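Residue numbers (our numbering): 348 to 701. Cβ coordinates follow ideal geometry from the N, Cα and C atoms, glycine included. No experiment lies behind these values; they were computed from the predicted model shown.
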């Protein structure tokens, strides 16, 4: 069998172009992090990501020009946590039939070891991409939900990156304020008030989406204030109005349920990830999160710490190499990500159910 060692460019092409490489759910990445910035150094420099809103000073034509350039008032550099899943392709895996590839089905053609080898290469790359993009999604969710991210793992010391969201952009309702108190709580008034807080905040702005956890949604749609103001007939969003689906959800990880006032989309969210076999939700089901178009999230990537990558600014770097004893071929994919919300004050999180 010709056990090929594919070049990084070939491996990267498989990662990018394989039809089965459809990435996992990336709700927070797609919603708030449209921009990609790759650094050719280990650290991610926040000052290089930032923007300035200074007004050009007014002068009469005959006056001297006024300097406005200055060094960043606050420089923050962060070395992102590294991820590098690595898996072997050994002889036993190549020889063994793979149930998931259909080879065990009645009448299926028997595959050669070379065919199985190539399928294993693609399958390992697929798993690496899914795991890495799942980590990207986790970083994005933490940044939007909490305005900070705490990095900790078995091989990484605990480190917190704080994006300096205003402290009053997080609230926890208690007592008769909880939305489950149908007599005293005021969900619609709460949302209106929180929108005003964000709209007036430094680098805040309008909020156009509300993402609700399952329990928060149940309390919201059952509340008398909401029941009394929402239409019971479900209509397309372009018709505007106060319109939310109060019926049974389909059970999707991310589900659009309507609009408030024809301007604010409402989604119910229940996506999750696994750590050591345990399922963990990205977002607490008791929370709601409000976001706007001004978050300006950046998917920032530090340089790949690998001689073969020449310290290039890449989002992912796959490679493979042989091992003689025991005989195996290893595939590893590396990434140095950090998801940075440049305007974290355009987000708001509230715990509305106990």
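Buried or exposed (CB count within 10 angstroms, at least 16 for buried), residue i
i: residue 503; result: exposed
i: residue 633; result: buried
i: residue 641; result: buried
i: residue 670; result: exposed
i: residue 476; result: buried
i: residue 470; result: buried
i: residue 659; result: exposed
i: residue 348; result: With a pLDDT of 48 at residue 348, under the threshold of 50, the modelled position of that residue is not reliable, and no figure is offered here.
i: residue 627; result: exposed
i: residue 541; result: buried
i: residue 597; result: exposed
i: residue 566; result: buried
i: residue 699; result: buried
i: residue 564; result: buried
i: residue 551; result: buried
Coil, strand or helix - residue i by DSSP
i: residue 681; result: strand
i: residue 357; result: helix
i: residue 607; result: strand
i: residue 616; result: strand
i: residue 597; result: coil
i: residue 544; result: helix
i: residue 666; result: strand
i: residue 351; result: coil
i: residue 426; result: coil
i: residue 672; result: coil
i: residue 495; result: strand
One or two residues paired with residue i in a DSSP bridge
i: residue 658; result: Per DSSP, none; premise fails for residue 658.
i: residue 512; result: DSSP lists no partner for residue 512.
i: residue 503; result: 500
i: residue 694; result: 638
i: residue 472; result: Answer is none; residue 472 lacks a bridge partner.
i: residue 648; result: 385, 684
i: residue 631; result: The partner list for residue 631 (beta bridge, DSSP) is empty, contrary to what the question assumes.
i: residue 519; result: 698
i: residue 527; result: None; residue 527 has no bridge partner.
i: residue 537; result: According to DSSP, which records beta bridges pairwise, residue 537 is partnered with nothing at all.
i: residue 433; result: 679
i: residue 704; result: Outside the shown range of the chain, which is 348 to 701, sits residue 704, and nothing can be said about it.
i: residue 566; result: Looking at the DSSP assignment, residue 566 forms no beta bridge with any residue, so it has no partner.
Distance between residue j and residue i (C-alpha atoms, nearest Å)
i: residue 379; j: residue 685; result: 13 Å
i: residue 624; j: residue 547; result: 43 Å
i: residue 533; j: residue 643; result: 31 Å
i: residue 434; j: residue 666; result: 11 Å
i: residue 694; j: residue 572; result: 24 Å
i: residue 607; j: residue 549; result: 25 Å
i: residue 672; j: residue 506; result: 38 Å
i: residue 464; j: residue 382; result: 36 Å
i: residue 428; j: residue 683; result: 6 Å
i: residue 421; j: residue 500; result: Because residue 421 sits at a pLDDT of 49, beneath the cut-off of 50, its placement in the model cannot be relied upon, and the point is left open.
i: residue 601; j: residue 554; result: 19 Å
i: residue 489; j: residue 496; result: 5 Å
i: residue 485; j: residue 523; result: 33 Å
i: residue 539; j: residue 679; result: 48 Å
i: residue 610; j: residue 558; result: 14 Å
i: residue 585; j: residue 519; result: The pLDDT assigned to residue 585 is 47, lower than 50, so where the model puts this residue is not dependable; a value taken from the coordinates is nonetheless given after this. Approximately 33 Å, taken between the alpha carbons.
i: residue 662; j: residue 638; result: 25 Å
i: residue 478; j: residue 352; result: 23 Å
i: residue 359; j: residue 545; result: 41 Å
i: residue 701; j: residue 677; result: 48 Å
i: residue 432; j: residue 617; result: 26 Å
i: residue 415; j: residue 423; result: Caution is warranted here: a pLDDT of 44 is assigned to residue 415, below 50, making its placement in the model unreliable, and no coordinate value can be reported.
i: residue 515; j: residue 526; result: 19 Å
i: residue 473; j: residue 361; result: 9 Å
i: residue 529; j: residue 543; result: 23 Å
i: residue 620; j: residue 570; result: 30 Å
i: residue 480; j: residue 647; result: 13 Å
Own chain, CB closer than 6 Å to residue i, minus 5 neighbours either side, in chain order
i: residue 494; result: 510, 512, 691
i: residue 426; result: 389, 390
i: residue 487; result: 375, 376, 380, 686
Spatial neighbours of residue i in its chain, beta-carbon cut-off 7 Å, leaving aside the 5 residues before and after
i: residue 492; result: 630, 636, 696
i: residue 645; result: 380, 382, 384, 396, 687, 689
Proximal residues to residue i (C-beta, below 8 Å), its chain only, five neighbours per side dropped
i: residue 356; result: none
i: residue 668; result: 352, 676, 677
i: residue 517; result: 493, 494, 695, 696, 697
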